[in-house]
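J.: Got a structure for you, written out below as C-alpha cells; questions coming shortly.
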Amino acid sequence: MTFRAEIIITLKEGVLDTAGKAVSLSLRHLGHQGIRELRMGRVVAVTLDTPDEASARTMVETMCSDLLVNDLIEEHRYSLEKI
Amino acid sequence: MRSTVIIFPGSNCDRDVLRALEEHTNGSVTPVWHAESNLPEETDLVVLPGGFSYGDYLRPGAMAARAPIMEAVKDHVARGKFVLGICNGFQVLTEARLLPGALLPNKSLSFICRPCHVRVETTGSPFTCRYSMHRVLQFPIAHHEGLYFLPDKEIENLEKNGQIIFRYADTKGNLSEASNPNGSKNNIAGIANAKRNVLGLMPHPERASDPLLGGTDGIGMWHSIQSWIEEREGK
Amino acid sequence: MGYSDVGLSREEYDALVEFLRREPNETELRLFGVMWSEHCSYKSTRPLLKQFLTSGPTVLQGPGENAGVVDLGKGWGLAFKVESHNHPSAVEPYQGAATGVGGIIRDILAMGARPVASLDGLFFGSPEDGHSHALAQGIVKGVGGYGNSVGVPTVGGKTFYHEGYNKNPLVNAFCAGIVKLDTLVSSQTAKPGQKVLLLGAKTGRDGIAGAAFASVELSEDTQQSRPQVQIGDPFTEKRLIECCLELLEQKLIASMQDMGAAGVLSSSSEVASKSGVGMILDLDKVPQREADMQGWEIALSESQERMLLIVEPSKIAAVIKIAEKWDLDCTEFGVVTEEEEYVLRERGAVVASLPPDLIGGNAPVIAWASREPEDLKMRSVMPPLTPPENWNELLLSLLTSPSLGKKNWIWEQYDSMVQTNTVEGPGKPVSVIRVLPSENFVAFSMEADPWKCFISPYTGGAETVAKALRSLAVAGASPLGLTDCLNFPSPEKSPQFWELEQCVAGMAECSRVLECPVVSGNVSLYNEYPGGRILPTPLVVAAGLIESLDSYVPAGKWSEGDRIFLVGELEAAFGGTHYAYARTGSFYGPLLPFDPEKEKDFCTRALKTAAQGTATSGRALAGGGLGVALAREVIACGLGLHVAVTAPVHLDAFYFSEGGPRAIYAVPPERVQDFLEIWKKFPLMELGTVRGTHLHGMGAFNLPVATLQKVWEE
C-alpha cells in the first residue's frame, strides 16, 4: 500500500521561537491585526510503501524519533492518507 | 598524545583544526572519515570540527550525529577519553546526546562572524587546566545557530555541577547582555559533560592559534589537553 | 518555431545557415538561441575586450579558460575571476546571489584550484526604496548562506548605492583559488577515445534558457520568470569541491569544465572546440531529476553544482569510486571523437550535429552604433557650491552615508576566517590572505566608480582600475593581474554603447600603463528596465603579491608621534565625489584627467615605501577624499591629528575632492628622511604629527576621536 504522511514539526512551548516572533512582527507591520500567536515550523512530506496503515504509522513515528524530531526542543504531529 | 579529527561531508574547519593540532601538540594528528567504524588505535582526543556538515539541513549536526563513526566516538567517551566539539562539532555533540542542550538560531536571526570574548569558568577541566580562572580569552565566532538552550531546571544542574566551561563576557570579564552575541542562556559559550571529558563550544579556538591571524588565546587549549593527558596518563 | 522565438536576429540566422550550409533543425536552433545570446557569446563586446592587455611575466593563463591564472612562485598559481549574476538576483535575490557565488567558485575549481577567498561587489538601489531594501537584504543573505556553507571565506567586497540600481541590483561575485601548477586543468587536453562524464547534481529544468533571459531587459512581468531562477545547494558544491580536488590529486582527470550558463552544451562544446576534437553525447544518459525532459532541455539546463569531466577509459572506475565516497552521481554519457563534429543524441537518434567551433564562438559580432550622449558636457558641470557651514556635521554625514558608512551589517554575515589564512579581512582597503604552499601572501582590492564612469567614461574607467592598483601599491603588493566585470545597460542605445566603449578604453589604457594584465572577466549587459538604467559600472578586482609581511603596509595603524604625509596633488576634482553629492544632491562635476605617467610614478614609489618599511600605515585616497581617509585612520587607531597646514587651496577641495593618485602615510620620525627620499619631486605635504584626542583640520572640522568612533559604530 502507498501512504502519504505529512509531519509537522514545531518548537516546544517554552523554547524561544525567534523566527516566529520576527515573522509575526513583520506581518503586523504590513497591517495584519489580530495575530495572537505565530510559531514557525517545518513540514516533512513523505510517501511510503508499507503493508498496512499500522506499519505506516510505526514507520513515521520511528523516523521521527530516529532523526526528524529533536525531542528536547521540538514536538510533532502528522497526518496520514492512503493514496 | 594522539588526536583524531572527524570529517563529515560538509565539514569546513577540519584542515584548520588539523593544522592547529600539528602546530601546538606533540603527537600524531589523523583525519578520519565519518563513514569509518573505528577510531585509530590509542586515540586520546577526538575533535569534531566546525563547518556545515550535511549542509546544516534538517537541524545543524542532526545527521552527522547519526554517522557511523559516532558509535566509536560514544564508546571513546564512555571509556573516559576526550572529545572536543567546535561550533558545528558542538551541535553534533548535543544532537548525539553526548552533551545536554541544543543550539538554536541566534537571537539576531543572522549569521555572525566576529571576534568575541569568553571567560574561563573553571580550570578543573582537561581543556582549560592551563588557563587561569576567569581569564578572558578572545576567540572568533562564526555561526548562525549558536544560542545555547536547556530548560531552566537542567541549566541549574549544569551550574551546580560546574559543567559551564566558558561564558561570553566583555574584555573586563563582565557577563553582560552586550557581550552575548547570540542570546545563549546564562551567556553559555561552552559546556562539558558531567565527567568533563567532553567539551563543546561555539567559538573557534583553532582560529586563535596563530599570531599572524590576530589571536593566540586558543593555544592554551591545545596545551591544556596535552598536559592533562600527559600528566594523567603518563604519556 | 522561428529564429526570433529563440532570440536570434535575422542576420544571426542567416550567418548560421551560411556556416552550416543548411538550415538548423529545431533543437539546433534552440541551442544557438542560447549560445549566441549576449550572455554566452559576448557578441557585443568581443572587439572591445581585445583592447585589454592580457599577457605578461606573471600570467600563466589569460582569458579564455574558466578563470585566469597568475604565478605565485614555487610551482603554485592563483586562479581568479569575477562574474555577475545580476538579472537572477533582481528576480529572486537570495538564490540569485547564492548561485552567483556557487557559479564563480566552480569556475575556479574547474582550473584545478582550491577556492580560498571570495569578495562580493554589490550595487543596490536607494536605501529609502522599500523594494531595493528587500533585495539588498536577500542578496546579502544569499551571498553568506552559500559562501559560509561551502567553506570559502568572504574576505572583502564593495557596496554602492544609487537609484539606478533600484530594479537592477548588481551582484558581482569574485573568487580566487590556489592551484599546484602540475595539476592545472586545461580545456585543450581532451583526446579522442576519452570519455565524457557528468559529476554532481542531477539535471532538472533550472534556468532553461536562463542565459538568453540574462540578455533580455527585465520587463514588467518579471514575476513570471521565477521558474528560470536556479536554486543553489552549497552542500553538494562542497562535496563537489572536495571530490574534484581528490580526483585531480590522484591525476584521474584529463580535463574538466564547470557547467554554468547553458550547462552541458556550453561546457562540452568548449572542450571539443579548444581541444580540436569532436564529441558524441547521449543526452538520455544524463541523470535527470524531472520526468520527460527533452534533449534540448537536458543540453541547456542550468542545474547547479555539476561538472563535466573528460576521463581516460582506464581511469573511470577509480573516478566513480571517489564520486561515490562523496555521494555524488558520476555518469558516463559521451565520448571524445577524432572527427570534429559535435553530436547530440537522444535515444540513439541524432538530434543535433554541429561544428564545435561554431557553438561557443563565431557568433557574429554586432557593431552597435556609438554616439556621444547629448548630455555629456552637462555631466561635467557642477552645481554652484559654497564651502560648508558646519564642517563637523558634514564629515559625520559622509561617514554615515550608505556607500561610505560602516558595512559590518553585511560582512559580519560572512565567515571571513574559515581556512585560517585571512590576515586582513573585510572593512580594510585591501584584503590579504596567506598562501602556505608558496610561502607568501596575496592582496585583493575590489573597486568601482559608477559616478565618475557616467561623467566621463574613459576617465572613470581608468580611475576604476587605478584605484584598485593604487591600494595594492600602498599596501606593498606588486600587481599580479586583474579581473573585470562590465555591468552596463543596453548596448542597443548608441549613447550607452559609447559609454561602454569609452570605459573599456580607459580601463585598458590604465591596465597597460600600470602593467597589470586582465586575465579574466565577465560582461553583463541589458541592465535596465522601461524607465530606468544603471550607471556604467565596470568593476575590477586586482590581485597583488606580498612576499613577506615585513613589506606589508596596513591602514589604520598610526602610532603616537608618527608624522602624517599626504603624497599626491593637494586638490583633485569635485566631479563624482561623495562630497558634491552630499552637498548638492548631484554627483555631476569635472574630473581630473587620467595621468598615466603620474600613476606609474606613484605606484613605483608606493611599492618602494613598503619594501623599505618606511611607513607604519598607509591609505590610498578614494571615496570621500582626504577628509574621510583621515577620519577612517583616526577611528581605527584611536589617536588624533592636528592638521596645522593652511592649505594653499580651497579647504573643501583639499579635504573632499577625489581622483588621481594620492595617499596618506604615517611615518615614524626616524624614517622620515628615507620616506622623503623615496617621494622626492613628487607632490607631497606634511599634515601634522599624530597626537591628542581630536581630528582637527584648521579652518575646517574639529572632532573628538571618541565622537568619530561612536558615530562610526552606530
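Protein chains in written order, with our numbering: chain G, 1 to 83; chain B, 1001 to 1235; chain V, 2001 to 2714. Beta carbons: idealized from backbone N, C-alpha and C, even for Gly.
1. Grab me the residues of L2358/V's own chain with a C-beta within less than 6 Å of its C-beta, minus the 5 sequence neighbours each way, in chain order.
2. Would you grab the beta carbon distance between V1136/B and G1173/B for me? Rounded to a whole angstrom, and I think it's under 8 Å.
3. When Cβ atoms are compared, which residues of the stretch 2396 to 2419 of chain V fall closer than 9 Å to chain B?
4. Mind listing which residues of the stretch 44 to 59 of chain G have their C-beta closer than 8 Å to chain B's C-betas, in chain order?
5. Taking Cβ-Cβ distances shorter than 8 Å, what residues in chain B pair up with I73/G?
6. Kindly indicate which three-state DSSP category Y1057/B falls into: helix, strand or coil?
7. Mind listing which residues of the stretch 2227 to 2254 of chain V have their C-beta closer than 9 Å to chain B's C-betas, in chain order?
8. Please identify, using Cβ separations under 8 Å, the residues of the stretch 19 to 38 of chain G that lie next to chain B, in order along the chain.
9. According to DSSP, simplified to helix, strand and coil, what is R2306/V?
10. Quick check: does the Cβ of L2641/V come within less than 7 Å of any heavy atom belonging to the ligand HEM?
11. Does the beta-carbon distance from G1051/B to L1103/B come in below 8 Å?
12. Does the distance from the CB of G2077/V to the CB of L2119/V come in under 8 Å?
13. Can a CB atom of chain B be found closer than 8 Å to the CB of G2144/V?
14. Residues of chain G with a CB under 9 Å from the CB of K1107/B: which are they?
15. What span of residues does the alpha helix (DSSP H) with Y2581/V cover, start to end?
16. Could you have a look at E37/G and say whether DSSP puts it in helix, strand or coil?
17. List in chain order: all unbroken beta strand (DSSP E) runs of 3+ residues lying wholly within the stretch 2315 to 2371 of chain V.
18. In the DSSP assignment, find the alpha helix (DSSP H) that holds Q1226/B and state where it starts and stops.
19. Assess, as a yes-or-no matter, whether the stretch 2532 to 2546 of chain V is touched by the stretch 2363 to 2373 of chain V under the definition of 3 or more beta carbon pairs within less than 8 Å.
20. Against S1110/B, what residues of chain V qualify as contacts under a CB-to-CB distance less than 7 Å, listed in chain order?
21. CA-CA distance, P2669/V and M2685/V?
22. How about N1012/B: is its C-beta nearer than 8 Å to some C-beta of chain V?
23. Alpha carbons only, please: which of A2666/V, S2303/V, E2339/V and E2012/V is nearest the one belonging to L2641/V?
24. Going residue by residue through the stretch 2039 to 2125 of chain V, where are the continuous alpha helix (DSSP H) segments of at least 4 residues, counting only ones entirely within it?
25. Using a Cβ cut-off of 9 Å, pull out every chain V residue sitting near F974/B, in sequence order please.
26. Could you tell me the distance, in whole angstroms, from the CA atom of G2138/V to the CA atom of G1200/B?
27. Ends of the alpha helix (DSSP H) at M2507/V?
28. In terms of alpha-carbon separation, which member of H2694/V, G2295/V, L2570/V and E2528/V lies closest to S2353/V?
29. Using beta-carbon positions only, say whether E1020/B and S1184/B come within less than 8 Å of one another.
30. Comparing the C-beta of A1062/B with each C-beta of chain G, is any distance below 8 Å?
31. 8 Å is my cut-off, CB to CB: does I8/G come that close to chain B?
32. Using beta carbons (cut-off 8 Å, strictly below), is L67/G in contact with chain B?
33. Give the straight-line distance between the Cα atoms of L1158/B and G1089/B, rounded to the nearest whole angstrom.
34. Taking Cβ-Cβ distances shorter than 8 Å, what residues in chain B pair up with T2183/V?
35. Could you round the C-beta distance between L2639/V and V2690/V to whole angstroms and report it? I think they count as a contact, below 8 Å.
36. Just to confirm before moving on: does the CB-CB distance between I2298/V and T2154/V stay below 8 Å?
T.: For this structure:
1. Walking along the third sequence from the start, residue 2358/V turns up at place 358. So the qualifying residues of the chain are F2019.
2. What you label residue 1136/B is simply residue 136 of the second sequence in a count that begins at 1. What you label residue 1173/B is simply residue 173 of the second sequence in a count that begins at 1. In this structure V1136/B touches G1173/B by the C-beta definition: roughly 5 Å separates them, less than 8 Å.
3. Along the stretch 2396 to 2419 of chain V, going in chain order, the ones with a CB nearer than 9 Å to a CB of chain B are N2408, W2409, W2411, E2412, Q2413, Y2414, D2415, S2416, M2417, V2418 and Q2419.
4. Contacts with chain B (Cβ-Cβ distance below 8 Å) from the stretch 44 to 59 of chain G involve no residue at all.
5. Translated into the one-based positions of the first sequence, residue 73/G becomes position 73. Within 8 Å Cβ-Cβ: A1102, L1104 and F1149.
6. Counting from one through the second sequence, the residue named residue 1057/B turns up at place 57. In this structure, Y1057/B counts as coil in the three-state DSSP scheme.
7. D2233, P2234, F2235, T2236, K2238, R2239 and E2242: these are the residues of the stretch 2227 to 2254 of chain V whose beta carbon lies less than 9 Å from some beta carbon of chain B, given in chain order.
8. The residues in question are A19 and A22.
9. Here residue 2306/V refers to the residue found at position 306 when the third sequence is read from its first residue. In the structure shown, R2306/V sits in a strand (DSSP, three-state: E or B).
10. Looking for the ligand HEM in the displayed structure turns up nothing, as the structure carries no ligands at all.
11. In the second sequence, counting from the first residue as 1, residue 1051/B sits at position 51. In the second sequence, counting from the first residue as 1, residue 1103/B sits at position 103. Contact: no.
12. As a first step, residue 2077/V is located in the third sequence; it is residue number 77 there, counting from the start. As a first step, residue 2119/V is located in the third sequence; it is residue number 119 there, counting from the start. Not closer than 8 Å, so no.
13. On the third sequence, residue 2144/V is found 144 positions in, with the first residue counted as 1. At a cut-off of 8 Å between beta-carbon atoms, G2144/V makes contact with chain B.
14. Residue mapping note: residue 1107/B aligns to position 107 of the second sequence, counting from 1. Ordered by position in chain G, the residues that pass the 9 Å Cβ test against K1107/B are L16 and T18.
15. In the third sequence, residue 2581/V corresponds to position 581, counting from 1. First-last of the alpha helix (DSSP H) with Y2581/V: H2578 to T2584.
16. Sequence index remark: in the first sequence, residue 37/G carries index 37 (1-based). Correct three-state label for E37/G: coil.
17. Those beta strand (DSSP E) runs which fall completely within the stretch 2315 to 2371 of chain V and span 3+ residues are 2329 to 2337, 2342 to 2346 and 2349 to 2354.
18. In the second sequence, counting from the first residue as 1, residue 1226/B sits at position 226. Looking at the DSSP string, the run of the alpha helix (DSSP H) that includes Q1226/B is I1219 to E1233.
19. No, the stretch 2363 to 2373 of chain V does not touch the stretch 2532 to 2546 of chain V.
20. To locate residue 1110/B, count along the second sequence from 1; it is residue 110. Those within 7 Å of S1110/B in chain V are Q2413.
21. Reading the third sequence from its first residue, position 669 is the one you call residue 2669/V. Reading the third sequence from its first residue, position 685 is the one you call residue 2685/V. Distance between the alpha carbons of P2669/V and M2685/V is about 15 Å.
22. Taking the second sequence and counting its residues from 1, one reaches residue 1012/B at position 12. With its beta carbon less than 8 Å from one in chain V, N1012/B belongs to the interface.
23. Translated into positions along the third sequence, residue 2641/V becomes position 641. Looking at the Cα atoms, A2666/V is the closest of the given residues.
24. Within the stretch 2039 to 2125 of chain V, the complete alpha helix (DSSP H) runs of at least 4 residues are 2046 to 2049, 2086 to 2091 and 2093 to 2109.
25. There is no way to answer for residue 974/B, as the model of chain B reaches only from 1001 to 1235.
26. Numbered from its first residue, the third sequence carries residue 2138/V at position 138. Numbered from its first residue, the second sequence carries residue 1200/B at position 200. Straight-line spacing of the CA atoms in G2138/V and G1200/B works out to 32 Å.
27. Along the third sequence, read from residue 1 onward, the residue named residue 2507/V stands at position 507. Where M2507/V is concerned, the enclosing alpha helix (DSSP H) stretches over S2494 to V2513.
28. Against the third sequence, residue 2353/V aligns to sequence position 353. Nearest C-alpha to S2353/V: G2295/V.
29. Here the question's residue 1020/B lines up with position 20 in the second sequence. Here the question's residue 1184/B lines up with position 184 in the second sequence. The sequence given here places Ala at residue 1020/B; Glu does not occur at that position. Not in contact: A1020/B and S1184/B (Cβ atoms no closer than 8 Å).
30. The residue you call residue 1062/B lines up with position 62 of the second sequence. Judged by the 8 Å Cβ criterion, A1062/B is in contact with chain G.
31. By 1-based counting over the first sequence, the position of residue 8/G is 8. Chain B has no Cβ within less than 8 Å of the Cβ of I8/G.
32. The sequence position of residue 67/G within the first sequence is 67, counting from 1. Closer than 8 Å: yes.
33. Looking up residue 1158/B in the second sequence gives position 158. Looking up residue 1089/B in the second sequence gives position 89. For L1158/B and G1089/B, the distance between alpha carbons rounds to 20 Å.
34. As a working mapping, residue 2183/V is identified with position 183 in the third sequence. Chain B residues near T2183/V: none, gap ~18 Å exceeds 8 Å.
35. Working through the third sequence from its first residue, we reach residue 2639/V at position 639. Working through the third sequence from its first residue, we reach residue 2690/V at position 690. Their Cβ separation, rounded to whole angstroms, is 5 Å, which keeps L2639/V and V2690/V in contact under 8 Å.
36. Residue numbering aside, residue 2298/V sits at position 298 when the third sequence is read from its first letter. Residue numbering aside, residue 2154/V sits at position 154 when the third sequence is read from its first letter. Contact annotation: I2298/V and T2154/V have beta-carbon atoms that are not nearer than 8 Å.
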